[in-house]
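Heads up, the thing below is written out as structure tokens.
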Amino acid sequence: MQILIPLLVGFLVLFGSTSDAAYLVRLKNGRQFIASHYWREGKRIIFEIQGGTLAIEKEFISKIEPTERPVRTEPEAPKREEPQPEKRKETASKPAEASKEAPKKNEEVLKEFRLLQQRFSRLNDLPIHEIYKLSDDLAAFRRKLLDQDLVETHKEEFDGANSLIRAIETLLKVRGR
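In terms of the working numbering, the sequence shown opens at residue -7 and continues consecutively.
In structure tokens, the structure reads:
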């Protein structure tokens, strides 16, 4: 019995917290958001949120509390059923043009989005006018995808730009700008 209790406690410590944690962050201005992870760097607390990271001065945070609410994740692709063997014979006899290939992503768009992400990663070190410029550039990137009908092909980049814009808006509200 004396050996069993320490083994049980050790097992629980090692394997008890395997679930994903989520934290409800309440700001002093009344806003709140959910983060999957956070850590402290100097006077700032860095939050891992959907779409990237967000750093907020500790003085603007009212409370950080664990929550049962899950952090939003990307929806899983619907599972496709295997076609019946008879249907395979039919599709094999059809011309190759009937099969659709996934549209190839535009390398220029991917490069532009990577550059915007790099600028966003330095968000806390940017002066306020450059933060506004980054927000404008992200909005222009979104408009470009919409205008050129590239949203379907570049859905991840479009959604990522939206997330980055929301994070910038949150940061500006926290800073009172």
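Where is the CB? At the ideal position from N, CA and C, for every residue including glycine.
Asked, Found
"Rounded to the nearest angstrom, how far is the Cβ of T162 from that of F25, given a contact under 8 angstroms?", "7 angstroms"
"At what residues does the alpha helix (DSSP H) containing E109 begin and finish?", "Per the sequence shown, the amino acid found at residue 109 is Gln instead of Glu. From DSSP, the alpha helix (DSSP H) with Q109 extends over E99 to S113."
"The beta strand (DSSP E) that contains I56, what's its start and end?", "I53 to T59"
"I need the DSSP call for L19, collapsed to helix, strand or coil.", "strand"
"Just confirm the distance between the C-beta atoms of L130 and N98, as a whole number of angstroms; I'd bet it's less than 8 angstroms.", "With a Cβ gap of about 17 angstroms, L130 and N98 do not count as contacting."
"Who are the near neighbours of A27 in its chain, counting only those whose CB is closer than 7 angstroms to its CB and skipping five residues on each side?", "Y15, V17, F39, E40 and I41"
"Assuming the contact rule is C-beta atoms closer than 8 angstroms, A153 and F133 should be a hit. Round their C-beta distance to whole Å, please.", "5 angstroms"
"Could you check how far apart the C-beta atoms of G43 and S155 are, in whole angstroms? I think they sit under 8 angstroms.", "3 angstroms"
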